[in-house]
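Residue numbers (the numbering used here), protein chains in the order written: chain A, 1 to 253; chain B, 1 to 253. Think of the CB as a built atom: it goes at the ideal place given N, C-alpha and C, for glycine as much as any other residue. For clarity, every value in this text was computed on a predicted model and none was experimentally measured. Reviewing the structure listed below.
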């Protein structure tokens with residue numbers, strides 16, 4: 001009997017964002033792996049074994065899931081958001097590349113999901129409505145110089161920016177430094193959206209400007225979208241403004 | 001009675017990528033608007049009026065949907081993929097900004113979906129596994145110079161690129177010109193993924209290199225992902241290779 005591995009995107013917190021494809025893969029799995037808070041979002045089913053793990057153990061988690069799949073089991077490895085965006089997808093590929101040949105023969109499927117930037121953007125309008133970049137501010141696995149170079153390149157060329165992993169206890173200064181860097185290219189009035197825990201009970205979405213962005217609290221569960229010079233606010237009575245980037249994507253158009 | 005408008009992301013072609021939230025909004029709507037081929041993907045329901053429209057009429061379509069919502073109806077406007085990514089979200093915001101004040105008082109919700117680049121990426125592994133940009137190659141609403149500047153900025157800074165709207169009958173040369181531009185920054189061996197009609201019966205996914213990318217046919221239904229210098233292939237026996245960008249995202253790491 002040959003096993004298989006599904007790398008499943010759960011989407012952001014709200015179960016109404018879980019795709020039917022992902023739901024079916026979770027229901028069919030004999031064993032589930034994942035970062036514990038993500039696994040907690042999957043309803044228990046009889047006969048399934050659950051293997052929760054800590055954060056920042058992506059490669060080990062991927063290897064354990066591959067190992068069990070290679071032993072013939074139907075395994076699901078869950079990921080928040082979309083597995084291909086700053087999540088488990090790349091770790092699984094890396095583990096396969098470095099692992100035993102048998103892992104390359106496995107039936108592996110990657111199941112896409114709604115990634116955080118799409119959910120945060122949807123809460124306020126369409127800030128990603130034109131060309132944009134997704135950039136992780138974590139300098140655990142790349143240099144801060146690389147991050148600064150990418151911030152410069154993206155902002156000066158007119159891309160909107162979605163910032164993943166903006167801050168953590170071990171990385172307290174990176175987001176402030178990124179805002180400082182972006183202010184060299186963008187007006188202080190540029191809209192910035194902070195989306196925390198979107199789709200969960202403690203969701204909090206804030207709209208600020210780049211000039212005042214340092215005053216807004218962010219944490220590990222926050223996704224930050226920084227507009228381009230073209231990004232606009234539409235004021236509304238008794239509602240938060242809409243934030244959108246026009247389809248032209250050119251500043252001043 | 002106050003109307004409302006849901007701007008609904010259908011995801012790519014496969015109904016198993018439609019979120020439960022989007023499904024519920026489609027079921028509750030009294031009227032559905034959308035580009036005809038997208039509306040065709042929504043099963044008919046008794047008592048619903050359907051208003052299909054042609055492509056490239058985004059603003060008119062948005063206005064008609066807003067007009068009916070302002071008249072007190074529960075309206076859904078459908079979009080392929082995610083409404084916030086090169087789709088109807090920005091057109092709706094633009095129509096509201098330019099429209100009558102009453103439209104700003106409406107209950108508007110944007111419902112996120114799986115956008116094409118996530119589905120294409122999932123078919124081959126995790127090519128968007130690290131920092132990436134999403135860029136539309138359509139020069140209908142922005143200049144080709146702007147597009148070239150963004151291609152240069154993104155590729156030279158090490159972003160992977162997801163190219164939306166790569167080609168159409170009216171824009172036959174843009175994709176080839178983009179590859180030419182990218183070859184100034186990236187090795188000929190850089191992996192390129194062509195995902196056509198992903199999730200539909202006529203799906204076709206091809207993996208090529210930047211050096212040979214001109215030889216692969218693309219059309220309006222194609223999404224192209226161009227790797228960075230860090231993007232890797234993992235060969236597999238009797239299966240297509242995996243394509244992924246390591247979590248470090250640095251070339252040569």
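- Look at residue 110 of chain A: its C-beta is under 8 Å from a C-beta on chain B.
- In this structure, DSSP gives residue 12 of chain B a state outside helix and strand, which the three-state scheme calls coil.
- Short of 6 Å from the beta carbon of residue 13 of chain B, and not among the five residues preceding or following it, lie these beta carbons of its own chain, in chain order: 199 and 200.
- Annotation for residue 225 of chain B: no alpha helix (DSSP H) segment contains it, though the beta strand (DSSP E) segment containing it runs 222-226.
- Excluding sequence positions up to five before and after residue 110 of chain A, its CB lies within less than 7 Å of the CB of 7, 83, 84 and 89, all in the same chain and listed in chain order.
- Counting only residues of its own chain and dropping the five nearest sequence neighbours on each side, residue 151 of chain A has a CB closer than 8 Å to the CB of 135, 161, 178, 181 and 182.
- Within chain B, the residues whose beta carbon sits less than 8 Å from that of residue 156 of chain A are 153, listed in sequence order.
- Interface with chain B (8 Å Cβ-Cβ cutoff): residue 17 of chain A is included.
- In the three-state scheme derived from DSSP, where H, G and I count as helix and E and B as strand, residue 183 of chain B is classed as coil.
- At a cut-off of 8 Å between beta-carbon atoms, residue 97 of chain A makes contact with chain B.
- In this structure, residue 48 of chain A lies near residue 31 of chain A, with their beta-carbon atoms less than 8 Å apart.
- With fewer than three CB-CB distances shorter than 8 Å, the region 34-51 of chain B does not count as touching the region 223-231 of chain A.
- Listed by position along chain A, the residues whose Cβ is nearer than 8 Å to that of residue 234 of chain B are 93, 96, 97 and 104.
- The continuous beta strand (DSSP E) containing residue 52 of chain A extends over residues 49-53.
- Below the 8 Å Cβ cutoff, chain B contributes no neighbours of residue 203 of chain A, its closest Cβ being approximately 14 Å away.
- At a cut-off of 8 Å, the C-beta of residue 38 of chain A has no neighbouring C-beta in chain B.
- Burial state of residue 63 of chain B is buried, judged by a 10 Å Cβ sphere holding 16 or more other Cβ atoms.
- Straight-line measurement puts the Cα of residue 141 of chain A at about 26 Å from the Cα of residue 119 of chain B.
- Taking each of A:219, A:129 and A:108 in turn and checking the Cα distance to residue 166 of chain A, the smallest one comes out for A:219.
- Within 8 Å of the CB of residue 131 of chain B, the CB atoms of chain A belong to 133, 134, 135, 136 and 150, in sequence order along the chain.
- In the structure shown, residue 56 of chain A adopts coil according to DSSP, grouped into three states.
- DSSP places residue 118 of chain A inside the alpha helix (DSSP H), whose first and last residues are 116-124.
- Unbroken alpha helix (DSSP H) runs of no fewer than 4 residues, entirely contained in the region 62-114 of chain A, are found at 88-98, following chain order.
- Non-local C-beta neighbours of residue 5 of chain B in its own chain, meaning closer than 8 Å and more than five positions away in sequence, comprise 65, 66, 69, 75, 76, 77, 92, 106, 107, 108 and 109, ordered along the chain.
- Looking at the DSSP output, residue 32 of chain A bridges to A:50 and A:76.
- According to the DSSP secondary-structure assignment, residue 164 of chain B is paired through a beta bridge with B:136.
- The Cβ atoms of residue 223 of chain A and residue 234 of chain A do not sit closer than 8 Å to each other.
- When Cβ-Cβ separations below 8 Å define contact, residue 100 of chain A makes no contact with chain B.
- In the structure shown, residue 209 of chain A adopts extended strand secondary structure according to DSSP, grouped into three states.
- One thing to note: residue 192 of chain B has its Cβ within 8 Å of the Cβ of residue 208 of chain B.
- Shown here is that no member of the region 212-230 of chain B has a Cβ falling below 9 Å from a Cβ of chain A.
- The alpha carbon of residue 236 of chain A has as its nearest neighbour, out of A:54, A:124, A:114 and A:100, the alpha carbon of A:124.
- For residue 235 of chain A, the three-state secondary structure derived from DSSP is strand.
- DSSP places residue 150 of chain A in the uninterrupted alpha helix (DSSP H) bounded by 144-156.
- Excluding its 5 nearest sequence neighbours in each direction, residue 190 of chain B has C-beta neighbours in its own chain below 6 Å: 210 and 227, listed in chain order.
- With a cutoff of 8 Å on beta-carbon distance, residue 81 of chain B and residue 19 of chain B are scored as not near each other.
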